[in-house]
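If you read the sequence shown in our numbering, its first letter stands for residue -19, the second for the next number, and so on. The C-beta atom is built at its ideal place from N, Cα and C for all residues, glycine as well.
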Amino acid sequence: MLDDKFYDKVKANSVIGHIFNDTAKVDWGNHLPKMYSFWSGLLLGEHGFSGNPMQKHIELSKQTPMTEIQFSEWLLIFTQTTDELFEGEKADEAKTRAANIARLMLHKIQTVTSN
Ligand code: HEM
């Protein structure tokens, strides 16, 4: 599963791992199902995700730097994991959408913080 492999890398990552492990102290049993439904909603049109990612990340950025550096690292891990596991149209779509959302999130964060 993309999300499992992605988060194995995230947890061990020196640039952003600490945000998940220490800042947010992510409960993976809760986070992973959310991410499955987030991505299956975007890519497959399935319903079920109810969350507020923008708000969550804005809150995180008040506790720890969330700048171009962290977002580039996030995107790099996402792209690498997608390429390791998949190829084709949906994989390309996932990467494009992740990049677009990451850019939008960073932009929103920059407008509410001084990062
Ligand atoms: C620097 C980059 C990022 C970091 C460090 C990060 C970190 C996190 C953390 C720690 C959480 C858990 C928050 C909590 O439940 O308290 C979270 C939730 C989430 N993240 Fe990220 N994230 C990043 C970028 C992204 C991007 C680019 C996307 C989408 C493409 C994304 C999608 C989500 C979603 C859907 C949730 C669940 C939100 C909810 O429960 O409402 N994240 N993220």
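I need the straight-line Cα distance from Q35 to T76, nearest angstrom please.
Within the sequence shown, the letter at position 55 stands for residue 35. Within the sequence shown, the letter at position 96 stands for residue 76. Q35 and T76: Cα-Cα distance of roughly 21 Å.
Can you tell which of I81, M85 and L23 has the C-alpha that lies nearest to the C-alpha of E73?
Counted from its first residue, the sequence shown places residue 73 at position 93. Here the closest residue by C-alpha is L23.
Buried versus exposed call for N(-7) [16 or more other C-beta atoms within 10 Å across all chains shown]:
Working through the sequence shown from its first residue, we reach residue -7 at position 13. By the 10 Å Cβ count, N(-7) comes out buried.
Considering only residues of the same chain and omitting the five flanking positions on each side of A82, which have a CB-CB separation below 6 Å?
Taking the sequence shown and counting its residues from 1, the one referred to as residue 82 is at position 102. Cβ neighbours of A82 beyond the five flanking positions: F51 and L55.
Evaluate T91 with the Cβ neighbour count: other Cβ atoms within 10 Å of its Cβ, from every protein chain shown; 16 or more gives buried, anything less gives exposed.
Counted from its first residue, the sequence shown places residue 91 at position 111. Its Cβ having fewer than 16 others within 10 Å, T91 is exposed.
Skipping 5 residues on each side, what residues in its chain have a beta carbon closer than 7 Å to that of I44?
In the sequence shown, counting from the first residue as 1, residue 44 sits at position 64. Reading off the sequence shown, one finds Thr at residue 44, where the question assumed Ile. Closer than 7 Å at Cβ, skipping near neighbours: I(-1) and T3.
Looking at I49 and V(-5), is the spacing between their C-beta atoms short of 8 Å?
Locating residue -5 in the sequence shown gives position 15, where the first residue counts as 1. Locating residue 49 in the sequence shown gives position 69, where the first residue counts as 1. Yes, the pair counts as a contact, with Cβ atoms nearer than the cut-off.
Would you decide whether T47 is buried or exposed? Buried here means 16 or more other CB atoms lie within 10 Å of its CB.
By one-based count along the sequence shown, residue 47 stands at place 67. Per the 10 Å Cβ criterion, exposed.
Span of the alpha helix (DSSP H) around E39
For this step, residue 39 is matched to residue 59 along the sequence shown. Element bounds for E39: P33 to Q43.
If the criterion is Cβ atoms closer than 8 Å, does the pair G31 and K14 meet it?
Your numbering for residue 31 matches position 51 in the sequence shown. Your numbering for residue 14 matches position 34 in the sequence shown. A contact, by the Cβ cut-off of 8 Å.
For T61, count neighbouring Cβ atoms within 10 angstroms of its own Cβ and tell me buried if that reaches 16, exposed if not.
Taking the first residue of the sequence shown as position 1, residue 61 is located at position 81. Per the 10 Å Cβ criterion, buried.
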